[in-house]
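Numbering (the working numbering), first residue to last: 56 to 461. Glycine is no exception: its CB is placed at the ideal position from the N, C-alpha and C atoms.
#1: What residue range is occupied by the uninterrupted alpha helix (DSSP H) comprising residue 284?
#2: In whole angstroms, what is the alpha-carbon distance linking residue 244 and residue 75?
#3: Please report the Cβ distance between residue 96 and residue 403, rounded to the nearest whole angstrom; I am assuming they are in contact, meaning their Cβ atoms lie under 8 Å.
#4: Would the beta-carbon of residue 350 fall within 8 Å of that of residue 145?
#5: Which whole runs of the beta strand (DSSP E) in the stretch 165 to 199 are 3 residues long or more, in chain order?
#6: So for residue 71, helix, strand or coil by DSSP?
#7: CA-CA distance, residue 366 and residue 223?
#8: Helix, strand or coil: how does DSSP classify residue 342 here?
#9: With a threshold of 8 Å, are at least 3 pairs of Cβ atoms found where one atom belongs to the stretch 358 to 372 and the other to the stretch 320 to 337?
#10: How close, in whole Å, do the beta carbons of residue 305 and residue 314 come, if the pair is a contact with beta carbons under 8 Å?
#11: According to the neighbour-count rule (16 or more other Cβ atoms, all chains shown, within 10 Å of its Cβ), is residue 193 buried or exposed?
#12: Could you have a look at residue 431 and say whether DSSP puts it in helix, strand or coil?
#13: Starting from the C-beta of residue 152, find all residues in its chain whose C-beta is less than 8 Å away, skip the five residues before and the five after it, and write them out in chain order.
#14: When we look at the beta-carbon of residue 497 and count the other beta-carbons within 10 Å, is it buried (16 or more) or exposed?
#15: Who are residue 389's beta bridge partners in DSSP?
#16: With respect to the beta strand (DSSP E) encompassing residue 90, which residues constitute its N-terminal and C-terminal limits?
#17: Does DSSP put residue 145 in a helix, a strand or coil?
#18: Checking the sheet assignment: what are the DSSP bridge partners for residue 249?
#19: Can you give me the C-alpha to C-alpha distance between residue 186 and residue 172, rounded to a whole angstrom?
#20: Since I believe residue 90 is in contact with residue 100 (beta carbons under 8 Å), could you give me their beta-carbon distance rounded to a whole number of angstroms?
#21: Taking residue 221 as the reference, give the member of 297, 210, 235 and 208 with the closest Cα.
#22: Quick test of your reading: residue 396 and residue 82, contact by CB under 8 Å. State the CB separation rounded to the nearest angstrom.
#23: Assign residue 161 to one of three DSSP states: helix, strand, or coil.
#24: Name, in chain order, the residues that DSSP records as bridge partners for residue 277.
#25: Could you pull out every residue in the same chain whose Cβ sits closer than 7 Å to the Cβ of residue 332, ignoring the five residues on either side in sequence?
#26: Note down, in chain order, each residue of its chain lying with its Cβ closer than 7 Å to the Cβ of residue 84, except the 5 sequence neighbours on either side.
#27: Closer than 6 Å by C-beta to residue 249: which residues in its own chain qualify, once you throw out the five before and the five after it? Chain order, please.
#28: Quick one: Cα of residue 202 to Cα of residue 303, how far?
#29: Could I get the ranges of all uninterrupted beta strand (DSSP E) runs contained in the stretch 288 to 374, with 3 residues as the minimum, in chain order?
#30: Measure the alpha-carbon distance for residue 219 versus residue 238 and round it to whole angstroms.
#31: Who are residue 100's beta bridge partners in DSSP?
#32: With distances taken Cα to Cα, identify the nearest neighbour of residue 278 among 73, 301 and 434.
#33: Below 8 Å on the Cβ atoms is my contact criterion, and I expect residue 156 with residue 357 to pass it. Report the Cβ-Cβ distance as a whole number of Å.
#34: Could you tell me whether the Cβ atoms of residue 416 and residue 446 are closer together than 8 Å?
#35: Could you give the first and the last residue of the continuous beta strand (DSSP E) run that contains residue 219?
#36: Could you say which of 451, 388 and 453 lies nearest to residue 428 if we only look at CA atoms?
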């Protein structure tokens with residue numbers, strides 16, 4: 056069954072044929088909608104085309120598709136049971152692993168998606184403080200619940216009534232936002248770096264991170280780090296640990312189980328009693344297979360120093376792309392951490408160049424994205440990065456033929 060045939064069938068039984076962030080219709084021409092296989096850092100679409108995968112399923116795949124150790128752990132657990140009348144012992148083992156690994160974690164609670172985790176973290180903060188307001192960076196993505204979804208369709212004004220925005224990386228702006236709701240701030244939530252779509256991926260300023268920590272302490276609010284996207288790629292201990300900034304609560308998901316669905320909130324002892332008061336649950340939140348996969352994933356990342364492996368591959372990719380862009384006469388911006396990179400073209404407000412270039416990369420066998428950050432995995436070898444760079448070089452050449460040089 057071809058991609059086109061599957062899209063035709065889907066249009067009859069799925070609203071719009073597809074929805075959400077995996078809707079290929081919004082990526083640009085040439086992007087496939089349906090995929091049939093993944094292996095290591097490669098994926099194959101429904102038409103049989105093979106790609107070097109620079110999106111890693113939008114972040115969840117961190118060790119490579121079908122990693123043997125993870126698959127073995129998941130299979131062993133599945134042989135005993137997955138969705139049972141209560142969680143398996145692996146839930147305790149996974150929580151112990153997180154508490155041992157993450158300096159800001161004294162406990163852990165589990166769910167399924169990043170949105171579950173960010174929403175649950177704010178519930179804990181509100182339960183602990185008895186307050187309502189949450190300070191959120193303007194344009195930041197924290198999930199798809201009504202309080203945070205980028206689209207207002209299906210939401211009401213009351214869904215956003217307790218959200219107060221501040222400009223990311225602007226400590227004075229954060230302080231001013233807090234002052235507008237003085238005495239009613241339950242939490243300050245921030246992403247480890249500014250990874251908003253369509254924008255350069257701005258790295259956090261250490262003074263802002265420390266200032267956010269100081270502000271939260273001063274006003275009695277919880278500092279929440281949304282590590283759903285960056286977690287386990289930058290620092291296994293938490294993405295702000297290297298800055299000397301520890302949160303009260305952290306939301307985790309995406310790469311936590313190498314593609315198996317799981318999320319977590321970790322927190323400090325000061326918030327343990329508040330967390331106990333929540334009624335926050337789901338029938339599939341306690342499934343044991345994903346927990347076994349998560350345990351194997353995190354143990355493997357710790358043993359191989361996964362962030363360092365991905366940093367090395369990311370630096371190789373970034374250097375190669377910079378050299379190619381310059382050689383072909385283009386001015387590009389490469390922003391974000393090298394493990395979670397993004398490339399944009401200077402002056403390309405309409406994304407015309409980005410769309411054309413990414414489609415050309417796709418035709419050459421590399422899957423990346425024109426307006427969303429990419430993800431590397433520990434499965435990307437030097438040879439894989441070099442294969443990707445062959446494709447991007449050809450794409451730059453085609454771009455020069457189409458648009459000329461800067």
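In this structure, then:
#1: Indexing the chain shown from 1 puts residue 284 at position 229. That residue, residue 284, is in no alpha helix (DSSP H); it is neither H nor E in DSSP.
#2: The sequence position of residue 244 within the chain shown is 189, counting from 1. The sequence position of residue 75 within the chain shown is 20, counting from 1. Going from the Cα of residue 244 to the Cα of residue 75 covers about 23 Å.
#3: Here residue 96 corresponds to residue number 41 of the chain shown, with the count starting at 1. Here residue 403 corresponds to residue number 348 of the chain shown, with the count starting at 1. The pair is not a contact, with the Cβ atoms about 27 Å apart (cut-off 8 Å).
#4: Residue 350 sits at position 295 when you count from the first residue of the chain shown. Residue 145 sits at position 90 when you count from the first residue of the chain shown. Their beta carbons are under 8 Å apart, which means residue 350 touches residue 145 by this criterion.
#5: 188 to 192
#6: Against the chain shown, residue 71 aligns to sequence position 16. Three-state result, residue 71: helix.
#7: Within the chain shown, the letter at position 311 stands for residue 366. Within the chain shown, the letter at position 168 stands for residue 223. The straight-line gap from Cα to Cα measures roughly 24 Å.
#8: In the chain shown, the residue the question calls residue 342 occupies position 287. Here residue 342 sits in coil by DSSP.
#9: no
#10: Translated into positions along the chain shown, residue 305 becomes position 250. Translated into positions along the chain shown, residue 314 becomes position 259. Incorrect: roughly 21 Å between the Cβ atoms, too far for contact.
#11: Here residue 193 refers to the residue found at position 138 when the chain shown is read from its first residue. Residue 193 comes out exposed.
#12: As a working mapping, residue 431 is identified with position 376 in the chain shown. Coil, per DSSP.
#13: Counting from 1 along the chain shown, the entry for residue 152 is found at position 97. Counting only Cβ-Cβ distances below 8 Å, and skipping sequence neighbours, we find 350, 353 and 354.
#14: Within the shown structure, residues of the chain are numbered from 56 to 461, placing residue 497 beyond reach of any answer.
#15: Translated into positions along the chain shown, residue 389 becomes position 334. In DSSP, residue 389 forms a bridge with 398.
#16: Taking the chain shown and counting its residues from 1, the one referred to as residue 90 is at position 35. 90 to 94 is the extent of the beta strand (DSSP E) around residue 90.
#17: For the purposes of this step, residue 145 is identified with residue 90 of the chain shown, where counting begins at 1. Correct three-state label for residue 145: helix.
#18: As a first step, residue 249 must be located in the chain shown, where it is residue number 194. In DSSP, residue 249 forms a bridge with 257.
#19: For this step, residue 186 is matched to residue 131 along the chain shown. For this step, residue 172 is matched to residue 117 along the chain shown. One C-alpha to the other measures close to 19 Å.
#20: Stepping through the chain shown from its first residue, residue 100 is reached at position 45. Stepping through the chain shown from its first residue, residue 90 is reached at position 35. So it is a contact: roughly 5 Å between Cβ atoms.
#21: Taking the first residue of the chain shown as position 1, residue 221 is located at position 166. Cα-wise, what sits closest to residue 221 is 235.
#22: Residue mapping note: residue 396 aligns to position 341 of the chain shown, counting from 1. Residue mapping note: residue 82 aligns to position 27 of the chain shown, counting from 1. Not a contact, Cβ separation roughly 17 Å.
#23: The residue you call residue 161 lines up with position 106 of the chain shown. Of the three classes helix, strand and coil, the one that applies to residue 161 here is coil, per DSSP.
#24: As a position in the chain shown, residue 277 is number 222, starting the count at 1. Residue 277 pairs with 242.
#25: Counting from 1 along the chain shown, the entry for residue 332 is found at position 277. Excluding positions up to five away in sequence, the list reads 182.
#26: Taking the first residue of the chain shown as 1, we reach residue 84 at position 29. Contacts found: 414.
#27: For this step, residue 249 is matched to residue 194 along the chain shown. If we look at residue 249 and ignore the five residues flanking it on each side, its Cβ neighbours are 223 and 257.
#28: Residue numbering aside, residue 202 sits at position 147 when the chain shown is read from its first letter. Residue numbering aside, residue 303 sits at position 248 when the chain shown is read from its first letter. If you take the alpha carbons of residue 202 and residue 303, they lie about 21 Å apart.
#29: 304 to 307 and 318 to 322
#30: To locate residue 219, count along the chain shown from 1; it is residue 164. To locate residue 238, count along the chain shown from 1; it is residue 183. Taking the straight line from one Cα to the other gives about 13 Å.
#31: As a position in the chain shown, residue 100 is number 45, starting the count at 1. DSSP, once it has assigned bridges, lists 90 as partnering residue 100.
#32: Translated into positions along the chain shown, residue 278 becomes position 223. For the residues 73, 301 and 434, the minimum Cα distance to residue 278 belongs to 301.
#33: The residue given as residue 156 occupies position 101 in the chain shown. The residue given as residue 357 occupies position 302 in the chain shown. The pair is a contact, with the Cβ atoms about 7 Å apart (cut-off 8 Å).
#34: Counted from its first residue, the chain shown places residue 416 at position 361. Counted from its first residue, the chain shown places residue 446 at position 391. Yes. Within cutoff.
#35: Here residue 219 corresponds to residue number 164 of the chain shown, with the count starting at 1. Element bounds for residue 219: 218 to 221.
#36: The residue labelled residue 428 in the question sits at position 373 within the chain shown. The residue with the shortest Cα to Cα distance from residue 428 is 388.
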